[in-house]
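For the sequence shown, position 40 (counting from the first letter as 1) is numbered 40 according to UniProt numbering, and the numbering increases by one without interruption. So the structure is just underneath, and the comments pick up after that.
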Amino acid sequence: MSAPDSNLPGRTTRTLQLALFATSLTWFVSSHILAGRAAHGITRQFNLEPGRPLLSALFLLFLLAVGFSLLNTIARQHGSLSAVLGLPKRPTARIEWTQGAAIGWGMAILAVLPLALTRSLHVSLWIAPRAFWLLLLNLAAMAVGTLAEEVVFRGYPFRRLIAAIGPVGATLIMSLLFGLAHAFNTDSSWSSVLLTMLAGILLSVAWLRTHGLWLPWGIHFAWNASLGILFGLPVSGDTSFATIVLSTTHGPLWLTGGDYGPEAAFFTGLVLIAGIIVLIRVTRDYAWDYTHAPIVPGGYPMDVAPPPAHAAMEQEAAARPPALVQILPTTPQSRSVDEEPKP
């Protein structure tokens with residue numbers, strides 16, 4: 001008769017987490033297709049084509065919230081909707097998002113700066129009332145769209161994979177999937193896929209350092225908004241976000257990234273590496289506050305009740321009226337020494 005397998009509970013938990021991970025990714029693919037078709041049908045029916053990216057992102061985020069919450073319930077795990085999505089409610093949430101936006105904006109500036117210095121960037125402006133309306137729609141679409149991407153690649157599936165194989169393996173796998181998901185974009189190349197994988201590592205580190213999506217969401221949104229709206233450049237090969245500012249580039253691919261945009265330029269890889277270094281330094285306090293497991297005492301509880309006699313003495317002292325304290329004057333009313341003898 002063989003001995004029972006002591007690792008059976010651990011194996012069962014790992015299998016469950018892997019099943020939840022695979023199911024959540026399948027749900028994402030189905031939701032992405034369904035959200036795109038629904039947004040296309042509605043905008044075509046009501047002639048709202050400029051709002052299709054925003055509507056598609058809203059549908060996708062809604063379906064992800066429903067599906068991931070259902071998986072969390074099936075796995076008998078408790079948590080609010082914000083916790084399931086990876087957006088914990090805490091006092092530093094707004095600061096984390098703002099710091100992430102500052103990092104993303106700074107990296108975008110560094111990625112575009114060589115284009116301006118080498119005169120490889122040509123900018124034109126389209127100033128019309130409709131341009132400002134499209135600007136607001138594109139900003140909203142980017143905010144919701146980047147959040148949906150973070151929920152998928154750094155949210156619930158990422159956490160399930162961490163529980164199954166650990167943070168290092170989960171980071172590598174999700175970053176690989178993040179890069180491959182962008183391989184089908186217009187004008188993508190092997191360099192764009194590799195750089196997108198590196199960006200996935202940066203965003204995964206942002207989650208690992210904070211255990212929340214506030215910081216990586218801020219980085220992702222500011223990066224996309226800076227490239228696509230502020231500078232009018234392609235974002236992963238997509239030029240539809242350029243509204244007021246419209247830019248074109250010319251020069252070597254390692255500098256400009258070609259029609260795919262700066263996310264395919266070799267210089268952007270150096271920017272991403274620098275961003276990881278800055279990110280680690282900025283998140284030192286968050287890593288201390290949010291990533292360390294709480295200390296759970298072991299053994300037996302040590303809350304020993306006081307002896308009955310001691311408790312009775314405390315009750316008697318509490319019921320007794322406070323004693324009056326007489327404060328003597330600071331100036332003595334009599335001499336402190338005898339009078340000196342007369343000669």
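We treat Cβ as the ideally placed atom computed from N, Cα and C, and that holds for glycine. Bear in mind the structure is a predicted one, so any value in this text is a computation, not a measurement.
One or two residues paired with residue i in a DSSP bridge
i, result
"residue 235", "238"
"residue 123", "247"
Nearest-angstrom Cβ-Cβ length linking residue i and residue j, presumed shorter than 8 Å
i, j, result
"residue 233", "residue 261", "5 Å"
"residue 161", "residue 170", "4 Å"
"residue 245", "residue 123", "6 Å"
Same chain, Cβ closer than 8 Å to residue i, neighbours up to 5 away in sequence not counted
i, result
"residue 41", "none"
"residue 32", "60"
"residue 154", "86, 174, 203, 204, 206, 207, 213, 216"
"residue 268", "111, 195, 257, 262"
"residue 185", "192, 236, 237, 238, 260"
"residue 159", "86"
"residue 276", "201, 202, 205"
Reduced DSSP category for residue i - H, G, I as helix; E, B as strand; rest coil
i, result
"residue 213", "coil"
"residue 186", "coil"
"residue 262", "helix"
"residue 75", "coil"
"residue 80", "coil"
"residue 61", "helix"
"residue 429", "The question about residue 429 has no answer, for the chain in this structure spans 1 to 343."
"residue 257", "coil"
"residue 322", "coil"
"residue 157", "helix"
N-terminal and C-terminal residue of the alpha helix (DSSP H) that residue i is part of
i, result
"residue 273", "266–282"
"residue 291", "From DSSP, residue 291 is part of no alpha helix (DSSP H); its letter is neither H nor E."
"residue 312", "308–319"
"residue 99", "93–117"
"residue 145", "129–153"
"residue 167", "167–181"
"residue 227", "Premise fails: residue 227 is in no alpha helix (DSSP H) and is neither H nor E."
"residue 48", "Element bounds for residue 48: n/a, residue is neither H nor E."
Residues of its chain near residue i, where Cβ-Cβ distance is below 7 Å and the 5 sequence neighbours each way are ignored
i, result
"residue 35", "56, 59, 60, 63"
"residue 141", "53, 54, 57"
"residue 71", "20, 23, 24"
"residue 16", "75"
"residue 105", "222, 226"
"residue 120", "249, 250, 251, 255, 256"
"residue 27", "67"
"residue 29", "none"
"residue 51", "43, 137"
"residue 183", "193"
"residue 147", "61, 217"
"residue 65", "81, 85"
"residue 287", "209"
Residues near residue i in its chain [Cβ-Cβ closer than 6 Å; skip 5 each side]
i, result
"residue 100", "215, 218, 219"
"residue 18", "164"
"residue 290", "210, 211"
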